[in-house]
Every structure is written in C-alpha cells, then in structure tokens.
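Enquirer: Sharing a structure here in structure tokens format.
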Amino acid sequence: MLTKEKIKFIEFMMSADVLRFGDFVTKSGRNTPYFVNTGNYRTGAQISALGEFYAAAIKDVCGDDFDAMFGPAYKGIPLVTTTAGALARVYGIDKPYFFNRKEAKDHGEGGSLVGYKPKDGDRIIIIEDVITAGTAVRETVPILKACGDIATKDMFISVNRCEVGQNGKTTAVQDVYEEFGIKVHSLITVRDIHEYLATKSEYKDVLANMEKYMDKYCIID
Numbered sequence: 016m017l018t019k020e021k022i023k024f025i026e027f028m029m030s031a032d033v034l035r036f037g038d039f040v041t042k043s044g045r046n047t048p049y050f051v052n053t054g055n056y057r058t059g060a061q062i063s064a065l066g067e068f069y070a071a072a073i074k075d076v077c078g079d080d081f082d083a084m085f086g087p088a089y090k091g092i093p094l095v096t097t098t099a100g101a102l103a104r105v106y107g108i109d110k111p112y113f114f115n116r117k118e119a120k121d122h123g124e125g126g127s128l129v130g131y132k133p134k135d136g137d138r139i140i141i142i143e144d145v146i147t148a149g150t151a152v153r154e155t156v157p158i159l160k161a162c163g164d165i166a167t168k169d170m171f172i173s174v175n176r177c178e179v180g181q182n183g184k185t186t187a188v189q190d191v192y193e194e195f196g197i198k199v200h201s202l203i204t205v206r207d208i209h210e211y212l213a214t215k216s217e218y219k220d221v222l223a224n225m226e227k228y229m230d231k232y233c234i235i236d
C-alpha cells in the first residue's frame, strides 16, 4: 500500500537525483529502467533526512532491541552513520555503529573494521541501500561472521527491487532470509515506485518500461 510516508520518501529520493529513470545496468548485470544511487546524496540536509527515514523504520521494527549497527563499505558507511545519529537525536536510542574498510589497515591499530568492535552475543543490524540479486549481502555476511559469535537478524534498505535471486524462483530478499536468517526491511519496494508513477502522466513511458522489467525479473507478493 502506497502510504503518505512512502510517497514522501519516493519524492525525497527523486528530488536528490537518487531515484533515477533511464537505461542502467545493475550490479547483477541486468539492464534496468530505474536505478537507486545513494551516492548522489550530497548535502547535509539530505543525509540528515535520510537518516531519519531509516531511524523511523528501525524504531518501528526493532525499538532498541539490538546492540549495534553495521554499514558495509562503501555506501553503507554514510548510511549507518546518519542512521545512528538520527536514532539518538530523534528517539533517544543511542547505539554504536561500525563499518569495514575494503582493504585492511596494516598500521596503527590495524584491522578492517572502524568504530564499534563487536563481541560474542551481540545483536547486529545491517544498514544498506538496495538489494537486487543479493550479491552484496553475500559479501557482507562473512565479514560479520569473522567478528565472533554474533546474531544478525535484521537488515534495513531503501528499496526492495523484488527481483529474483540466484535460483531464479524466489526473490533475493527471500533468499537472504532462507540462507542467512536475515529479515530484510525496506522503506519502499518496486511496487510502491510503480504505483507512484502510475499517478503521474508524465511518467507514462517510464511506467511501461518498468512493467516490462518487472514482468521479466520481479516477483511481487
């Protein structure tokens, strides 16, 4: 259902040139008529507002029942940082966060993690941008497993593209849950974007291309 909050988030992404329409290629190699690039957030106001959207979702789903947040390099770094700030500022939920380096540091304190150091028994949530085929998640899970005996049950993303995963029968989000036990919570889905565009006559051509793409790659519950 396309709620006022979802409309607000879609228009926020479009205004920041983060949700774009055209001809793009996803990380999984699929040609797509729409693309979400969180790297296009450029201002303090934008990144602050983004953190509040994520924080609201975390508050609704988890409350304060977790120990820390992880943002995978590179795009997850500003996402987890602004989310941690928004949780503390808006809801009084002051939780630590951490992220990884792509290359391990071989001087100073060394290591590949920056920020909070996870310990056995911690409950970690992941903050990411989108899931297409689940490739990034499969890169992230080993990093977290190397931290110790931690639990990762929830992941928050901007957009669920609702696309088939590696087996071609279930969505990448379903695969992530079945393979890792991680439940993915998205601020919006491709169905929300489609429903929004259907109310705007100027996006008639984009809507037609999206429908072709969704028919080919998406599984809509």
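So the sequence shown is numbered by my numbering: it starts at 16 and just counts up by one. Glycine included, C-beta positions come from ideal geometry on N, C-alpha and C.
1. By Cβ distance below 7 Å, which residues in the same chain neighbour Glu210 in space, the five residues on each side in sequence not counted?
2. In the DSSP assignment, what residue or residues form a beta bridge with His200?
3. Thinking Tyr49 and Met84 are a contact (beta carbons under 8 Å), I'd like their distance in whole angstroms, please.
4. Mapping DSSP to helix, strand and coil, what is Tyr232?
5. Taking the runs of the alpha helix (DSSP H) that are 4 residues or longer, which of them lie wholly in the region 32-91?
6. Given 8 Å as the limit, is there contact between the region 211-230 and the region 154-169, that is, 3 or more CB pairs closer than that?
7. Below 7 Å between beta carbons: does that hold for Arg176 and Thr214?
8. In the DSSP output, which residue or residues are listed as bridge partners for Ile140?
9. Would you say Leu94 and Asn115 are within 7 Å of each other, going by their C-beta atoms?
10. Can you tell me which of the three DSSP states Glu227 falls into?
Expert: A quick look at the data gives this:
1. As a position in the sequence shown, residue 210 is number 195, starting the count at 1. Answer for Glu210: Leu17, listed in chain order.
2. Looking up residue 200 in the sequence shown gives position 185. Answer is Phe171.
3. On the sequence shown, residue 49 is found 34 positions in, with the first residue counted as 1. On the sequence shown, residue 84 is found 69 positions in, with the first residue counted as 1. In this structure, Tyr49 and Met84 do not form a Cβ contact; the two beta carbons are roughly 27 Å apart against a cut-off of 8 Å.
4. Stepping through the sequence shown from its first residue, residue 232 is reached at position 217. Secondary structure of Tyr232 (DSSP, three-state): helix.
5. Segments of the alpha helix (DSSP H) lying fully in the region 32-91: 59-76.
6. The region 211-230 is not in contact with the region 154-169.
7. Locating residue 176 in the sequence shown gives position 161, counting from the first residue. Locating residue 214 in the sequence shown gives position 199, counting from the first residue. No, the pair does not count as a contact, with Cβ atoms beyond the cut-off.
8. On the sequence shown, position 125 is the one that residue 140 refers to. Paired residue(s): Met84, Asp169.
9. The count along the sequence shown starts at 1 and reaches residue 94 at position 79. The count along the sequence shown starts at 1 and reaches residue 115 at position 100. Against a cut-off of 7 Å, the Cβ pair of Asn115 and Leu94 comes out as no contact.
10. To locate residue 227, count along the sequence shown from 1; it is residue 212. The sequence as given places Lys at residue 227; Glu does not occur at that position. Residue state, collapsed to three classes: helix.
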